[in-house]
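Chemist: Per the working numbering, the sequence shown starts with residue 521, numbered consecutively.
C-beta: ideal position from N, C-alpha, C; glycine also.
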Amino acid sequence: MRLPHFIRANVDSILDEWEKFAQAFKHAEGLDQTALRDHARGILLVICDDLECEQSSSERDEKSKGRAPPMPAETEAAMHGLSRYVEGFDVNESIAEFRALRASVLRLSVDSLALPSVAADDITRFNEAIDQAVAESLARFTDMKERRNRLFEALLSSSPDLNYILETTGAIIYANRAFSDVFQKIPAELIGNDFRSLCKPFVRDIERQLKSVVATRKTHRGEMFTQLDGGEERAYEYLLVPVFNPAGVCEAVAGSARDITERKASEERVRRSANHDFLTELPNRSLFRERLEHEIKHSTRTGLPLGLMFIDLDLFKEVNDRLGHAAGDQMLQEVARRISKCVRDTDTVARLGGDEFTVILTDVTLPDHIESIAAEILDELRRPFELAAGEASISCSIGITVCPGDGITPDELVRNADEAMYASKNAGRNGYQFFTVAMRGVGSGGPV
């Protein structure tokens with residue numbers, strides 16, 4: 521019996537033997553065994569067809585040199601290589617399967633036959649056919665792997681995110697275009713460089729993070745603010761992911777960083793709009809209340825008094841009606857600037873709305889400090905305002921209360937300052953009044 525006849529007659533036994541070996545691979549679990557068995561069957565039957573064909577001496581010579589005639593693109597061997605690639609097999613595992621297929625055929629044939637000497641040619645041609653199948657399978661396997669690498673490279677290169685891979689020591693293994701552009705280099709110039717040398721202000725932080733990722737085998741996320749060589753400051757959100765080899769050892773760290781500078785700026789704008797007056801950029805009612813609560817606690821802790829002023833502009837409505845809202849807005853902006861100039865950086869000037877402003881004076885150590893600030897504000901706001909629509913003059917009425925003497929809660933102090941401000945207006949405007957118990961009930965008294 522010739523070898524191809526033996527293979528056809530015993531193909532299932534051969535495949536049973538082959539499957540025992542193939543299932544030993546770690547990637548074999550959960551595979552579609554029927555489909556893979558059919559691929560192996562197809563490979564054997566194609567080999568049988570080849571063995572049964574007459575072969576010229578020139579064809580035999582070419583095959584012995586590994587130069588078999590071209591085969592169709594989708595041979596059974598090529599399909600087997602494709603399926604093994606998809607299932608995650610590596611090159612060595614794929615080759616080992618063909619070795620097992622060869623061994624299964626030869627062992628069973630030797631055990632079952634007393635092969636005559638003429639069958640030696642079948643054995644030679646069978647080995648050549650197996651080699652051809654290996655070549656076809658590996659060609660498809662390699663083609664798919666190279667194609668995947670090209671696609672991944674295209675994906676990473678076109679990504680606006682900074683993608684890179686580092687040795688556990690910090691040396692750069694891979695860098696995409698976005699990453700290299702940040703440092704004004706081409707990717708090839710970065711390979712082998714130490715990542716820490718590119719971000720010198722963050723050497724300790726980066727070194728600590730790399731060690732942590734390798735030691736804990738866990739992904740690390742964070743944000744980084746850095747100044748580029750051109751002086752531009754940028755913010756990045758980054759991810760460091762450990763990469764493990766087949767033995768489970770962390771052999772590299774994959775990183776990705778996204779520029780979040782604009783997002784951070786947008787968040788800051790939102791934060792400011794929630795806590796600051798749009799027109800004057802002063803703290804608004806919400807932030808004023810928050811700071812007043814904080815400063816009351818600070819005053820209680822340190823024993824140093826706190827002064828609160830309520831400022832209402834006199835004659836502002838007349839200016840607004842005469843010169844228009846644009847002029848009124850310009851005046852409010854200038855009022856905010858003039859009041860802020862009169863106080864310290866540690867104090868707070870806020871706009872509650874309309875033409876109402878407040879001032880929180882902290883750590884008042886001198887008895888006349890509050891009075892001197894109030895007098896300075898009055899002088900500043902008496903000066904004429906040069907507006908785009910013309911010159912205008914106003915004054916202001918100021919109500920003053922002191923913590924802890926007049927009260928120790930935000931509501932008490934706000935009510936007291938408001939009532940003192942109304943007392944100042946009733947006294948003829950363009951002046952200031954300190955709160956007294958006799959004023960209670962004079963002002964609006966509403967909470968802020």
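How many Å lie between Pro762 and Ile780 at the Cα?
Modeler: Straight-line Cα distance between these residues: approximately 23 Å.
Chemist: Helix, strand or coil for Thr820? Go by DSSP, reduced to three states.
Modeler: Of the three classes helix, strand and coil, the one that applies to Thr820 here is helix, per DSSP.
Chemist: Less than 9 Å separating the beta-carbons of Ala912 and Ala847?
Modeler: Closer than 9 Å, so yes.
Chemist: Quick one: what's Arg754 bridged to in DSSP?
Modeler: DSSP lists Thr746 as partners of Arg754.
Chemist: Only counting runs of 4 or more residues, tell me where the alpha helix (DSSP H) segments fall wholly within the region 874 to 946, in order along the chain.
Modeler: If we require 4 residues or more, the alpha helix (DSSP H) runs fully inside the region 874 to 946 come out as 889 to 902, 930 to 946.
Chemist: Is it right to say Ala908 is buried, meaning 16 or more other beta carbons lie within 10 angstroms of its own, or is it exposed?
Modeler: By the neighbour-count rule (16 or more Cβ atoms within 10 Å), Ala908 is not buried but exposed.
Chemist: Report buried or exposed for Ser717, applying the criterion of at least 16 other Cβ atoms within 10 angstroms of its Cβ.
Modeler: By the neighbour-count rule (16 or more Cβ atoms within 10 Å), Ser717 is not buried but exposed.
Chemist: Going by beta carbon distance, what residues of the same chain come within less than 6 Å of Asp875, once the five residues before and after it are set aside?
Modeler: Excluding residues within five positions, the ones whose Cβ falls inside 6 Å are Leu833, Phe836.
Chemist: Could you have a look at Gly966 and say whether DSSP puts it in helix, strand or coil?
Modeler: In this predicted model, Gly966 has a pLDDT of only 49, less than 50, meaning its place in the structure is not dependable; the value taken from the coordinates is given anyway. Coil.
Chemist: Which same chain residues, not among the five before or five after Phe905, have their C-beta less than 6 Å away from its C-beta?
Modeler: Taken in chain order, the residues that qualify are Met851, Glu854, Ala912.
Chemist: Apart from the five residues on each side of it in sequence, which residues of its chain come closer than 6 Å, Cβ to Cβ, to Pro825?
Modeler: Val884, Val922.
Chemist: Ala772 bridges to which residues according to DSSP?
Modeler: Paired residues: Glu687, Val763.
Chemist: Based on the DSSP secondary-structure assignment, which residues constitute the bridge partners of Ile567?
Modeler: Answer is none; Ile567 lacks a bridge partner.
Chemist: Mind checking whether Leu706 and Ser700 have CB atoms under 9 Å apart?
Modeler: Reading off the sequence, residue 706 comes out as Ile, not Leu. In contact: Ile706 and Ser700 (Cβ atoms closer than 9 Å).
Chemist: Use the C-beta contact count for Phe487: other C-beta atoms within 10 angstroms, 16 or more gives buried, fewer gives exposed.
Modeler: Because the chain is modelled from 521 through 968, residue 487 falls outside the range shown and cannot be assessed.
Chemist: Nearest to Ala894 by CA position, among Glu727, Glu687, Ile859, Gln747, is which residue?
Modeler: Cα-wise, what sits closest to Ala894 is Ile859.
Chemist: Specify, as a first and last residue, the run of the alpha helix (DSSP H) that Ile859 falls within.
Modeler: Ile859 -> alpha helix (DSSP H) spans 845 to 861.
Chemist: Do Arg871 and Pro803 have their C-beta atoms within less than 9 Å of each other?
Modeler: Going by C-beta atoms, Arg871 is nearer than 9 Å to Pro803.
Chemist: Measure how close the beta-carbons of Ala1032 and Asp681 come, nearest whole angstrom, since I'm counting them as under 8 Å.
Modeler: Lying outside 521 to 968, the shown extent of the chain, residue 1032 is not represented and no answer is given.
Chemist: Going by alpha carbons, who is nearest to Asn840 out of Ala755, Ile914, Ser624?
Modeler: When only C-alpha atoms are compared, the closest one is Ile914.
Chemist: Can you give me the C-alpha to C-alpha distance between Asn950 and Ser917, rounded to a whole angstrom?
Modeler: About 5 Å.
Chemist: How many Å lie between Thr868 and Leu881 at the Cα?
Modeler: About 7 Å.
Chemist: Provide the residue span of the beta strand (DSSP E) that contains Asp832, from first to last.
Modeler: Its beta strand (DSSP E) spans residues 826 to 834.
Chemist: To the nearest angstrom, report how far apart Leu730 and Glu537 are at their CA atoms.
Modeler: C-alpha separation (whole angstroms): 48 Å.
Chemist: DSSP on Thr956, reduced to helix/strand/coil?
Modeler: DSSP places Thr956 in coil when its eight states are reduced to three.
Chemist: My output table needs one value for Arg809: the three-state DSSP class, helix, strand or coil.
Modeler: Note: Arg809 maps to helix in three-state DSSP.
Chemist: Between Ala940 and Gly919, how many whole angstroms is the CB-CB distance? I'm expecting something under 8 Å.
Modeler: Between Gly919 and Ala940 the Cβ distance is about 3 Å, and since that is below 8 Å, they are a contact.
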